[in-house]
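Chemist:
Number of protein chains: 2
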Amino acid sequence: MDIQERIQALVAPDSPAQQRRAMAKAITLLESTRADHRAQADALLNALLPHTGKCLRLGISGVPGVGKSTFIESLGVFLIEQGLRVAVLAIDPSSTLSGGSILGDKTRMERLSVLDGAYIRPSPSSGNLGGVAEKTREAMLVCEAAGYDVVIVETVGVGQSEIAVHGMTDMFVLLQLPNAGDDLQAIKKGVMEIADLVVINKADIDPDAATRARAQIHSALRLLGMHGHPDHATLDTVWQPKVIQISGLLGQGLDQFWAAVTEFERLGRANGRLEARRQQQAIRWMWERIEAGLKAAFRHHPAVRDALPATTQAVLGGQLAPSSAARQLLGLAGTLTAEPSA
Amino acid sequence: MDIQERIQALVAPDSPAQQRRAMAKAITLLESTRADHRAQADALLNALLPHTGKCLRLGISGVPGVGKSTFIESLGVFLIEQGLRVAVLAIDPSSTLSGGSILGDKTRMERLSVLDGAYIRPSPSSGNLGGVAEKTREAMLVCEAAGYDVVIVETVGVGQSEIAVHGMTDMFVLLQLPNAGDDLQAIKKGVMEIADLVVINKADIDPDAATRARAQIHSALRLLGMHGHPDHATLDTVWQPKVIQISGLLGQGLDQFWAAVTEFERLGRANGRLEARRQQQAIRWMWERIEAGLKAAFRHHPAVRDALPATTQAVLGGQLAPSSAARQLLGLAGTLTAEPSA
Numbered sequence: 001m002d003i004q005e006r007i008q009a010l011v012a013p014d015s016p017a018q019q020r021r022a023m024a025k026a027i028t029l030l031e032s033t034r035a036d037h038r039a040q041a042d043a044l045l046n047a048l049l050p051h052t053g054k055c056l057r058l059g060i061s062g063v064p065g066v067g068k069s070t071f072i073e074s075l076g077v078f079l080i081e082q083g084l085r086v087a088v089l090a091i092d093p094s095s096t097l098s099g100g101s102i103l104g105d106k107t108r109m110e111r112l113s114v115l116d117g118a119y120i121r122p123s124p125s126s127g128n129l130g131g132v133a134e135k136t137r138e139a140m141l142v143c144e145a146a147g148y149d150v151v152i153v154e155t156v157g158v159g160q161s162e163i164a165v166h167g168m169t170d171m172f173v174l175l176q177l178p179n180a181g182d183d184l185q186a187i188k189k190g191v192m193e194i195a196d197l198v199v200i201n202k203a204d205i206d207p208d209a210a211t212r213a214r215a216q217i218h219s220a221l222r223l224l225g226m227h228g229h230p231d232h233a234t235l236d237t238v239w240q241p242k243v244i245q246i247s248g249l250l251g252q253g254l255d256q257f258w259a260a261v262t263e264f265e266r267l268g269r270a271n272g273r274l275e276a277r278r279q280q281q282a283i284r285w286m287w288e289r290i291e292a293g294l295k296a297a298f299r300h301h302p303a304v305r306d307a308l309p310a311t312t313q314a315v316l317g318g319q320l321a322p323s324s325a326a327r328q329l330l331g332l333a334g335t336l337t338a339e340p341s342a
Numbered sequence: 001m002d003i004q005e006r007i008q009a010l011v012a013p014d015s016p017a018q019q020r021r022a023m024a025k026a027i028t029l030l031e032s033t034r035a036d037h038r039a040q041a042d043a044l045l046n047a048l049l050p051h052t053g054k055c056l057r058l059g060i061s062g063v064p065g066v067g068k069s070t071f072i073e074s075l076g077v078f079l080i081e082q083g084l085r086v087a088v089l090a091i092d093p094s095s096t097l098s099g100g101s102i103l104g105d106k107t108r109m110e111r112l113s114v115l116d117g118a119y120i121r122p123s124p125s126s127g128n129l130g131g132v133a134e135k136t137r138e139a140m141l142v143c144e145a146a147g148y149d150v151v152i153v154e155t156v157g158v159g160q161s162e163i164a165v166h167g168m169t170d171m172f173v174l175l176q177l178p179n180a181g182d183d184l185q186a187i188k189k190g191v192m193e194i195a196d197l198v199v200i201n202k203a204d205i206d207p208d209a210a211t212r213a214r215a216q217i218h219s220a221l222r223l224l225g226m227h228g229h230p231d232h233a234t235l236d237t238v239w240q241p242k243v244i245q246i247s248g249l250l251g252q253g254l255d256q257f258w259a260a261v262t263e264f265e266r267l268g269r270a271n272g273r274l275e276a277r278r279q280q281q282a283i284r285w286m287w288e289r290i291e292a293g294l295k296a297a298f299r300h301h302p303a304v305r306d307a308l309p310a311t312t313q314a315v316l317g318g319q320l321a322p323s324s325a326a327r328q329l330l331g332l333a334g335t336l337t338a339e340p341s342a
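Residue numbers (full-length UniProt numbering), protein chains in the order written: chain D, 1 to 342; chain V, 1 to 342.
Next comes the structure, spelled out in structure tokens:
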């Protein structure tokens, strides 16, 4: 199948079933690590680009037990009832080891997965976080070309995967339990700081605790925002990070949640921040992949691979200064002889 | 002057004046970016190594106004009175722009700088944080070879420079004002998490506020430590991060501070953590310099330099996927063709 046929089946399919097959095939191609597939995958990716960008990219994170799946399923059903098409992707940093703790179980999100307007795909399960994130970013573009209105990227992690999801979405939502101790963990991991919206889930279980948690998180967001996070300026025309309460199980507060998301999107499109954020993300993504590629090439260089164990031992044993060791290894890698501090 | 003469003048000088000159010359050589100096500098560095490692490396940080200079000066005088020799170095991330806000003013630390047992050197002022940190790490080795008992590395920053100082010292001390809002900032920047000791300075100004701040920071350290920071395990034989109150101006609490530092060092030497931390730091330092070198070589590669502006524009304009752009640029750099996600 050539690129134009693939694009046609994604963008203007004969049937929903044809489009679903085309999406699955495209994502499988993009996930392939075979060198001959990679050239095809790059051609497909760049041919997809003109058909992307119209969708809202929504990142959702929260610790295990916060009720992410239930919330995302309720949200998905709610949005499809309003005539929108919703894709759910995931970045699960544990998927390589565990086989995936989120979206891995096919029986999850049963209500959502049977709906025509829904597309659900579990986390890629091979490679490091950078590699997994790249595959999810590319799968997101496939969903966008296929005309999905909202792409939700779910994650659960220890900071790094949230940063990755924040780096590929328009809006980053943090789900919290009505529990004050969790705030500090989220602040520590740098997750609170990047949240555009904090949602206190399971607010129905203990409304008083939820109200207290809301006040605390609100004050934390204000303090964190005060020191110049670029997305959180203080003009009236820009979004201020908000805290809302919902109950994912009962479906309460979904309209309020969606109103907040819509307002975020409206402001971001009006003041240009949404587009600026996407451009910044694209450039960072490019450099992140360049750095990963440079490190991989360095580690695979035969002379480096041969010298690395003895050099590492000399550094550990205090016979060789780390900066000297770095210069020696860079010299072995041949062309890599620029001054590190330049 | 050959390497052996340089080492002799540092390790077994004829006079204190000769040693001081040798230290200044060695540090100047290590800071040089000239390619011919670099080979000599590496030879000097590796010849120094056997004479290093016996000193205690103490990192001290805190926001502007917390009283770092006054505290460090009082501490330095206190230690010299006990017969120890003390070197004070600095990493000032703003030094490139401002000419240096810490240790830059020669009139600062007047009481300390006139003492024989003291050696004070301001932050290197050229290059990025990685380059500045490398120069300070290397200057630290010169001080160690010259027999200084304590090397204090001072910094003031926005998180990154504290991480750099933590990565080169045995113990990282955070100075705080008796002010609760500062805690959250320190937690946000990841600085509280890496602190081995938090010192509430200026406790004499408002003793009640200092006591409250101490209780809050203590509870924050416990919560942060609970989630498995490797340096903060919960056995009796390992150090637990502590909070103490002092007054730098009045010199109150210095004995308590030094008792805490001494206990940290004793435990760390007994349980092997001090040595393990130094080895880990050395390996990280090597990789950090390798990564900086790879990036610099990549950016200076003629084909990359030529293609980068147009490629960046194509990514910004949405005509080229970031991961495709990364692969194209890596391909242009010649040998760097390994799979980025490998």
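Beta carbons are placed, not taken as given, at the ideal position from N, Cα and C, and that holds for glycine.
Please identify, using Cβ separations under 7 angstroms, the residues of the segment 266 to 285 of chain V that lie next to chain D, in order along the chain.
Modeler: Residues Q279, A282, I283 and W285.
Chemist: Can you tell me which of V:M171, V:S323, V:N179 and V:Q160 puts its alpha carbon nearest to the alpha carbon of L56 (chain V)?
Modeler: V:M171
Chemist: Is it true that the CB of D116 (chain D) sits closer than 8 angstroms to the CB of P16 (chain D)?
Modeler: In contact: P16 (chain D) and D116 (chain D) (Cβ atoms closer than 8 angstroms).
Chemist: I believe V142 (chain D) touches L48 (chain D) by the beta-carbon criterion, under 8 angstroms. Please report the beta-carbon distance rounded to the nearest angstrom.
Modeler: 7 angstroms
Chemist: Using the C-alpha atoms, what's the distance from A325 (chain D) back to L316 (chain D)?
Modeler: Approximately 11 angstroms, taken between the alpha carbons.
Chemist: Could you please give me the residues that DSSP links to Y119 (chain D) through a beta bridge?
Modeler: D:A87
Chemist: Rounded to whole angstroms, what is the Cα-Cα separation between G331 (chain D) and A276 (chain V)?
Modeler: Between the alpha carbons of G331 (chain D) and A276 (chain V) lies a distance of about 28 angstroms.
Chemist: Does Q319 (chain D) have its Cβ less than 8 angstroms from a Cβ in chain V?
Modeler: yes
Chemist: Is the beta carbon of A333 (chain D) closer than 8 angstroms to that of A314 (chain D)?
Modeler: Cβ distance not < 8 angstroms, so A314 (chain D) and A333 (chain D) don't count as in contact.
Chemist: Taking Cβ positions, are S123 (chain V) and D92 (chain V) nearer each other than 8 angstroms?
Modeler: yes
Chemist: Compute the beta-carbon to beta-carbon distance between S32 (chain D) and A41 (chain D), rounded to the nearest angstrom, for a pair I have assumed lies under 8 angstroms.
Modeler: 7 angstroms
Chemist: Taking all protein chains shown into account, decide if V198 (chain V) is buried (16 or more other Cβ within 10 angstroms of its Cβ) or exposed.
Modeler: buried
Chemist: What does a CB cutoff of less than 7 angstroms around T169 (chain V) pick up in its chain, not counting 5 residues either side in sequence?
Modeler: R57, L58, G59 and V153
Chemist: Could you spell out the range, first to last residue, of the beta strand (DSSP E) harbouring T155 (chain D)?
Modeler: V150 to T155
Chemist: Please classify L250 (chain D) as buried or exposed, where buried requires at least 16 other C-beta atoms within 10 Å of its C-beta.
Modeler: exposed
Chemist: Can you have a look at L97 (chain V) and say buried or exposed, based on whether 16 or more other CB atoms are within 10 angstroms of its CB?
Modeler: Only weak support exists for where L97 (chain V) lies, its pLDDT of 46 falling under 50; the coordinates are left without a value.
Chemist: On a Cα-Cα basis, can you pick out the residue from V:L308, V:E288 and V:S323 that is closest to L129 (chain V)?
Modeler: V:E288
Chemist: Using a Cβ cut-off of 8 angstroms (strictly closer), state whether P322 (chain V) contacts chain D.
Modeler: With 8 angstroms as the cut-off, P322 (chain V) counts as an interface residue toward chain D.
Chemist: When you compare each of D:V88, D:Y148 and D:L84 to Q19 (chain D) by their alpha carbons, which one comes out closest?
Modeler: Checking every option, the nearest Cα to that of Q19 (chain D) belongs to D:Y148.
Chemist: Rounded to a whole number of angstroms, what is the C-alpha to C-alpha distance between P64 (chain V) and I80 (chain V)?
Modeler: 26 angstroms
Chemist: By the criterion of Cβ-Cβ separation under 8 angstroms, what are the contact partners of F172 (chain D) in chain V?
Modeler: Within chain V, no residue comes near F172 (chain D); the closest Cβ sits about 16 angstroms away, beyond 8 angstroms.
Chemist: How would you write the range of the beta strand (DSSP E) that K202 (chain V) sits in, first residue to last?
Modeler: Counting along the chain, K202 (chain V) falls outside any beta strand (DSSP E), and DSSP gives it neither H nor E.
Chemist: With 16 other CB atoms within 10 Å as the buried threshold, where does S61 (chain V) fall?
Modeler: buried
Chemist: Is the beta carbon of T52 (chain V) less than 8 angstroms from the beta carbon of A164 (chain V)?
Modeler: no
Chemist: Provide the residue span of the alpha helix (DSSP H) that contains V132 (chain D), from first to last.
Modeler: L129 to A145
Chemist: I7 (chain V) to I120 (chain V), Cα distance in whole Å?
Modeler: 20 angstroms
Chemist: I'd like to know whether the C-beta of L316 (chain D) is nearer than 8 angstroms to at least one C-beta of chain V.
Modeler: yes
Chemist: Give the range of the alpha helix (DSSP H) segment to which R21 (chain V) is assigned.
Modeler: P16 to E31
Chemist: Reducing DSSP to helix, strand and coil, say where L174 (chain V) ends up.
Modeler: strand
Chemist: Which chain D residues are close to R327 (chain V), counting only those with a beta carbon under 7 angstroms from its beta carbon?
Modeler: D42
Chemist: From the DSSP output, in three-state form, read off S161 (chain V) for me.
Modeler: helix
Chemist: When DSSP labels each residue in this structure, what does S125 (chain V) get in the three-state scheme?
Modeler: coil
Chemist: Between I217 (chain V) and chain D, is the shortest Cβ-Cβ distance under 8 angstroms, so that the two count as touching?
Modeler: no
Chemist: Using a Cβ cut-off of 8 angstroms (strictly closer), state whether R222 (chain D) contacts chain V.
Modeler: no
Chemist: Within this structure, are the beta carbons of L10 (chain D) and A22 (chain D) separated by less than 8 angstroms?
Modeler: A contact, by the Cβ cut-off of 8 angstroms.
Chemist: Among the residues of its own chain, which have a CB less than 6 angstroms from the CB of G104 (chain V), if the five just before and after it don't count?
Modeler: Caution applies to G104 (chain V), whose pLDDT of 49 falls short of 50 and renders its modelled position unreliable; the model cannot decide the point.
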